[in-house]
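Here the structure is laid out as structure tokens; the discussion comes afterwards.
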Amino acid sequence: MKKNILIVLLAAAALTSCGEYNKLLKSTDYEYKYEAAKNYFAKGQYNRSATLLNELITILKGTDKAEESLYMLGMCYYNQKDYQTAAQTFITYYTTYPRGTYTELARFHAGKSLFLDTPEPRLDQTSTYQAIQQLQMFMEYFPGSSKKLEAQNMIFALQDKLVLKELYSARLYYNLGNYMGNNYESSIITAQNALKDYPYTDYREELSILILRARYEMAVNSVESKKLDAIAKQ
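Here it is in structure tokens:
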């Protein structure tokens, strides 16, 4: 019985909450909407907060509240794990407010949002390069930031992801061998370029070993080829 009463009370509270929110959406009291958006954000109700903030950033344009609203909007998307939209919102913030109150955090979260949205190494890595660029820009603009070490570690992780993609490609060339051409040479070039671009990678040993193996196979094939040429001339 008590359980049923509790369920009814919770349902009634939810309906009241929804009713209040719908009234809020129709309201033209933008100061009230602004405070409500902050309240929803503080409670972790990011979807409701974002809906209000999307309206407020235009209505309050030119005020300090518009600046804070735009940053909070980015954090709403970030906390909802909509990282692409979050990154674009943070970029819009620091472009619009290059000396704003939240510029340091916006630049950091723009890079971190892209970092969290990068695909696994076998896929296209365009967003990985974008994340590295954003994080490097953050470190250039705020070299003394308390978040510098975290940004550096994210860059290293992203670079290793790029190296791993090259390692996968080099392995593929190696496994193809002499199929439709000298793939061993392509394997060597791919691995060498990865080592040149990222000399401190954790995959340095694997790339170096792959280069040695590919060179060995090329040497063996060269000897066999010379033997066949000699036989053909007899």
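Going by my numbering, the sequence shown opens with residue 2, and the numbers climb by one from there. We put the CB at the ideal spot given by N, CA and C, even for glycine.
Proximity of residue i and residue j at Cβ, strictly below 8 Å
i	j	result
Met155	Lys113	yes
Gln160	Thr93	no
Thr119	Lys66	no
Pro122	Lys62	no
Leu177	Ala192	no
Leu71	Thr90	yes
Tyr142	Leu117	no
Gly75	His110	yes
Ala60	Tyr31	For the record, residue 60 in the displayed sequence is Ile; it is not Ala. Yes, these two residues count as a Cβ contact at 8 Å.
Glu207	Leu173	no
Thr86	Tyr95	no
Ser50	Tyr41	yes
Leu25	Ala37	yes
Given residue i as reference, the closest of the options once Cα atoms are compared
i	options	result
Asn55	Met138, Leu213, Met73 and Gln46	Met73
Asp198	Phe157, Phe109 and Asn184	Phe157
Ile58	Asn183, Thr96 and Tyr35	Tyr35
Gln81	Glu21, Asn184 and Thr52	Thr52
Ala152	Asp125, Ala107, Ala195 and Ser170	Ala107
Asn183	Asn222, Leu25 and Ser50	Asn222
Leu196	Leu25, Ala171 and Met219	Ala171
Ser128	Gln46, Ala88 and Lys149	Ala88
Tyr185	Ser147, Pro200, Leu150 and Met219	Met219
Tyr217	Ile133, Ile189 and Lys148	Ile189
Glu105	Ser209, Glu21, Pro200 and Lys149	Lys149
Cβ distance (whole Å) where residue i is taken to contact residue j below 8 Å
i	j	result
Tyr130	Val164	At roughly 13 Å, the Cβ-Cβ gap does not stay under 8 Å, so Tyr130 and Val164 are not in contact.
Ala215	Tyr175	5 Å
Glu69	Tyr98	Their Cβ separation, rounded to whole angstroms, is 10 Å, which puts Glu69 and Tyr98 out of contact at 8 Å.
Gln135	Leu115	6 Å
heavy atom of the ligand PLP below 7 Å from residue i C-beta
i	result
Tyr185	No copy of the ligand PLP occurs in the structure displayed, which carries no ligand at all.
Tell me the start and end of each unbroken alpha helix (DSSP H) in the stretch 11 to 99 that is at least 4 residues and wholly inside, in chain order.
-> 31 to 43, 47 to 60, 65 to 80 and 84 to 97
In the stretch 170 to 208, which residue ranges form an unbroken alpha helix (DSSP H) of at least 4 residues, counting only runs that do not cross its ends?
-> 184 to 198
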